[in-house]
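The structure under discussion appears below in the form of structure tokens.
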Amino acid sequence: MSTLYLPLQQEPVLSKFRDTIADELNVKAIEFVQLDDVAQPELYLNLKEVGKTYGKLLPVLNQAAKQAAAEVIQTFQQTGQVELEGHLITREHAELRFQPRFPGVIDVSARGFAGLVTELSESLVEEGYVREIISKMQMMRKEVNYNVTDHVTFSAVGDAQLLSVLQRNLSEIAATVLIQEVRYETLTGDLSKEWDVNGKALTLTVRK
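Going left to right, the sequence shown walks through residues 12 to 219 as my numbering numbers them.
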């Protein structure tokens with residue numbers, strides 16, 4: 012994922028754990044923000060309770076809640092009550108729900124909030140492919156039981172996008188897996204395997 016949003020007031024405590032949180036949740040960045048910066052509050056009626064109190068006025072009040080202006084929502088947020096169409100709405104009748112202002116999800120509670128951008132950029136998708144390719148190659152090295160210091164040759168054939176990712180990130184992959192050469196053709200070797208890499212086909216062969 013790309014970004015995690017956390018409450019600005021929690022920055023003094025959580026900032027010292029920024030790297031740990033980012034690593035554990037696999038996010039690229041952590042931003043400390045105000046809730047209003049990342050979420051749009053909406054007034055959401057408890058239809059059962061409103062119906063008990065106001066009966067046939069329920070449809071009118073529900074529509075008014077859906078169209079509530081920012082100042083109306085702010086009043087409810089600060090005081091726990093507000094008038095809709097001249098009728099008092101309290102926390103018994105309604106609650107605030109928050110919609111993210113970004114492509115992702117947000118969870119809000121009395122203790123704070125956490126928002127996560129779930130949209131994957133092209134660079135994040137490519138990083139995912141790189142991690143998968145490295146993982147497959149390392150598993151093959153282990154299966155053949157090469158010495159950990161052995162430099163090896165891989166051949167790779169399959170999905171054109173995966174091969175492009177492999178070519179663009181070859182230096183990183185080669186340094187991690189100890190590869191001396193990658194050939195983009197079918198070769199004989201010590202082990203050959205067909206892999207599904209996030210839905211794309213890749214056949215890898217390894218040899219010393």
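Each residue gets a CB set at the ideal place from its N, CA and C atoms; glycine is no exception.
Whole-angstrom Cβ separation of VAL163 and LYS204, contact assumed at under 8 Å?
Not quite, the Cβ-Cβ distance comes to about 14 Å (not below 8 Å), so this is no contact.
What is the rounded straight-line gap between the Cα of ILE145 and the Cα of THR187?
7 Å
DSSP-derived helix/strand/coil call for PRO114:
coil
Use the C-beta contact count for VAL93: other C-beta atoms within 10 angstroms, 16 or more gives buried, fewer gives exposed.
buried
Endpoints, the alpha helix (DSSP H) within which TYR65 is located
58–65
How about GLU53 and ARG108: are their beta carbons less than 7 Å apart?
yes
Where ILE117 and THR129 are concerned, what is the direct C-alpha to C-alpha distance, given to the nearest angstrom?
10 Å
Just confirm the distance between the C-beta atoms of PRO111 and GLY91, as a whole number of angstroms; I'd bet it's less than 8 Å.
No, PRO111 and GLY91 are not in contact; Cβ-Cβ is about 24 Å, not under 8 Å.
Taking DSSP's pairing of strands, which residues face LYS211 in a bridge?
VAL208
Give every residue of the same chain whose Cβ lies closer than 8 Å to the Cβ of GLN21, excluding the five residues on either side of it in the sequence, and list them in chain order.
PHE43, GLY123
Cβ separation of SER13 and VAL49, assumed to be a contact under 8 Å, to the nearest whole Å:
That pair is no contact at about 13 Å.
Please classify TYR195 as buried or exposed, where buried requires at least 16 other C-beta atoms within 10 Å of its C-beta.
exposed
Thinking just about the alpha-carbon of each residue, which of ASP201, THR199, TYR140, LEU215 is nearest to the one in GLU183?
TYR140
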